[in-house]
Amino acid sequence: MRSDTPASRPVLLVTRRLPDAVEARAARDFDARLNPQDRALSGADIAALAREAGAEGVLCTAGDRLDAAAIAALPDAVRIVATFSVGTDHIDLNAAKARGLIVTNTPDVLTDATADIALLLMLGAARRASEGERMIRAGAWTGWTPTQLLGTHLGGKRLGIVGMGRIGQAVARRARAFGMTIHYSNRRRLPSEQEAGAVYHADPEEMLAVCDVLSLHFPATPDTTRWLKAERIERLPPGAIVVNTARGSVVDDEALIAALASGRLAAAGLDVFENEPNLHPGYRGLENAFLLPHLGSATVETRNAMGFRALDNLDAVFAGAAAPDRVV
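Residue 689 is where the sequence shown starts when you use the numbering used here, and the numbers rise one by one after that.
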């Protein structure tokens, strides 16, 4: 960790290496303790570094696990934890609230990038893109044949979206351009102008039967853990495709792997995994699993916007104002 600004400015611990433009602004506005080696830190490491630096704020990321013990170990001077993510499941919010710690996230700015990845996963899984790419790289392609790597056409298929928030709606807009029919389930029905013709299902269980493609877009909570389990997979049409850009914990890996291995599902496109980066090894051997390393927000524009949003929240708190994206 290093400091590039005068100590009179608020001391900010930045837990991972961030885009250059974000680190430059952090170093300009704070006594920023950066992590140029991008060393992964445990919750205990973060607390220890915060104590050592005399930190008043922490800018963490989705990969940093701040459980109750880590939050309790943070020095009293820490007023805010700004996470470089929309999700907050890596932070014990109850523990943060109990000690009066402000927690903020970065909503809105990830919508389009994550929706793009959902469509990439959909197309990649449906058209067997990873199989074709591996064939080329292995020198195993012997030329075009009429039956080689036949996939599934998305046009005319029924897309079921569970969680019709900003990202779910952005996915629906993109999928319509491919000629897909949109079905969705959400805690509340959207106004008709936002539905744009999508079919609402109050009960997601009932919707599953009409999902040629199922795309998951809801947060990780105790209630959504292993939401996509064997019983729900059985409700999907034979040969359906599953896409997940939400959180890995919402999928029962054993059940999904079994359905892919048996052919009950045609394919899956996954950008998120439980226990990242240590995903279930069963996925690696499946030709019909199209896998990406959590690239949902991985564009320069989006990651800069995320960092700036986190810094906006920090600026507000240290100026004595309300953080615009306060979670607790």
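Every residue gets a Cβ at the ideal spot worked out from N, C-alpha and C, and that includes glycine.
Annotation for residue 978: the continuous beta strand (DSSP E) segment containing it runs 977-979. Shortest Cα-Cα distance from residue 771 to any of 760, 743, 750 involves 750. CA-to-CA, the gap between residue 908 and residue 795 works out to about 15 Å. Residue 871 has 848, 887 as its beta-bridge partners, per DSSP. Annotation: the continuous alpha helix (DSSP H) that includes residue 950 extends over 941-950. Residue 957: member of the beta strand (DSSP E) spanning 953-958, first to last residue. If you check the CB distance, residue 753 and residue 723 do not come in under 8 Å. Its chain contains 703, 704, 723, 737, 752 as the residues whose beta carbon lies nearer than 8 Å to that of residue 729, once the 5 sequence neighbours on both sides are disregarded; these appear in chain order. At a cut-off of 4 residues, the continuous stretches assigned as alpha helix (DSSP H) that sit fully inside the region 743-827 are 756-761, 781-786, 799-814, 817-825. Under the DSSP definition of a beta bridge, residue 903 partners with 849, 931. Here residue 916 is bridged, per DSSP, to 939. Contact annotation, residue 943 with residue 977: C-beta distance approximately 14 Å; criterion of less than 8 Å not satisfied. Inter-residue distance for residue 1008 and residue 924 is about 51 Å (C-alpha atoms, whole angstroms).
DSSP lists 700 as the bridge partner or partners of residue 720.
Excluding sequence positions up to five before and after residue 912, its CB lies within less than 7 Å of the CB of 906, 938, all in the same chain and listed in chain order. Residue 869 and residue 843 have their C-alpha atoms spaced approximately 9 Å apart. For residue 1014, the secondary structure class from DSSP, reduced to helix, strand or coil, is strand. By the criterion of a C-beta distance shorter than 6 Å, residue 1006 is surrounded in its chain by 698, once the five residues flanking it on both sides are discounted.
Judged by pairs of C-beta atoms under 8 Å, the region 785-801 touches the region 754-771, as three or more such pairs exist.
Scanning 719, 904, 763, 811 for the CA closest to the CA of residue 865 turns up 811. Proximity to residue 765 across 743, 834, 821 peaks at 743, based on C-alpha coordinates. Counting of Cβ neighbours within 10 angstroms places residue 880 among the exposed residues, the total staying below 16. Separation of residue 875 and residue 945 (C-alpha to C-alpha, rounded to the nearest whole angstrom) is 28 Å. A residue is called buried when at least 16 other Cβ atoms come within 10 angstroms of its Cβ; residue 915 meets this threshold and is buried. Judged by DSSP in its simplified three-state form, residue 969 adopts helix.
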